[in-house]
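Asks: Residues in the sequence shown are numbered consecutively from -8, following my numbering. Using N, Cα and C, we set each Cβ at its ideal position, and we do this for glycine too. These numbers come from a predicted model, not from an experiment.
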Amino acid sequence: MKIEIWSDYVCPFCYIGKKRLDAALEKFEHRAEVELELRSFELDPQADSSLKQSTHSMLAEKYGMTVEKAREMSTGIKQQAAAVGLEFNFDNMLVINTFDAHRLAQFAEERGKGVEVGEMLLNAYFTHNADLASYDVLADIAERAGLSRTEALAVLEGHQYADRVQAREQEGSQLGIRGVPFFVFNRKYAVSGAQPTEVFLDTLNKVWQESQAN
């Protein structure tokens, strides 16, 4: 069974949703038969990392609310994250452009480390407020995953994997994906959003039973 995951590294529900999927996979009898693949989706392709704008300020502008109200919104998300064992720190979080982070993930995927690096990128941003637009930060993540830091930097400083990221995004568009996280099972069933673990487990069992009946 193949599960394709469209997500972005500045999407809190992408991290929460991935953890809920992981929890379902732990309960799934045929976990060894499941392959996970990352797909790219940018929530804001025009995001300007150089502005150093806080996430709270961006949300306040986007939804026409006060910064204090934006902080209140983040409290509920932090609670959802904590329920699946994640620590989110919003106070020092900055708006960043994630295109290069997606390029790094594609580089890692080609070397069998895509899902691992994807998880590390999410953790770096939401728990440690890392600047995922920084090549040094991204190269450090690659190195911690057991990849060549030098090779990762060379990729980031060039244009490698840009076409692949764009192709993945186009593929998602063709499938009608307008928001993330979005999980596609065997190109037949989909789960949209950070659904409860039970929803993921039900889908896993349904897809497995159908695949065995064919």
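#1: My parser needs the alpha helix (DSSP H) runs of 4 or more residues fully inside the region 102 to 140; what are they?
#2: Tell me whether Arg11 is buried or exposed, calling it buried when 16 or more other Cβ atoms sit within 10 Å of its Cβ.
#3: What is the residue span of the beta strand (DSSP E) that Lys(-7) lies within?
#4: Leu129: which of Asp154, Ser(-2), Glu189, Gln97 sits nearest, CA to CA?
#5: Indicate whether Glu(-5) and Phe174 have their beta-carbon atoms separated by less than 9 angstroms.
#6: For Ser183, which beta-bridge partners are listed by DSSP?
#7: Sort Phe19, Ala145, Asp122, Pro3 by Cα distance to Gln71 and report the nearest one.
#8: If I measure Cβ to Cβ from Asn156 and keep anything under 8 angstroms in the same chain, skipping five residues before and after, which residues do I get?
#9: For a test of the three-state rule: what should DSSP assign to Glu63, helix, strand or coil?
Replies: Quick look at the numbers:
#1: 105 to 117, 126 to 135
#2: Reading the sequence shown from its first residue, position 20 is the one you call residue 11. Result: buried.
#3: On the sequence shown, residue -7 is found 2 positions in, with the first residue counted as 1. That run of the beta strand (DSSP E) goes -7 to -2.
#4: Taking the first residue of the sequence shown as 1, we reach residue 129 at position 138. The candidate whose alpha carbon is nearest that of Leu129 is Gln97.
#5: If you number the sequence shown from 1, residue -5 lands on position 4. If you number the sequence shown from 1, residue 174 lands on position 183. It is a contact, given that the beta carbons lie within the stated cut-off.
#6: Sequence index remark: in the sequence shown, residue 183 carries index 192 (1-based). In DSSP, Ser183 forms a bridge with Phe173.
#7: Taking the first residue of the sequence shown as position 1, residue 71 is located at position 80. Gln71 has its Cα closest to that of Pro3, out of Phe19, Ala145, Asp122, Pro3.
#8: The residue labelled residue 156 in the question sits at position 165 within the sequence shown. A quick correction: the sequence has Val, not Asn, at residue 156. Contacts found: Ser31, Phe90, His93, Arg94, Gln97.
#9: Residue mapping note: residue 63 aligns to position 72 of the sequence shown, counting from 1. Residue state, collapsed to three classes: helix.
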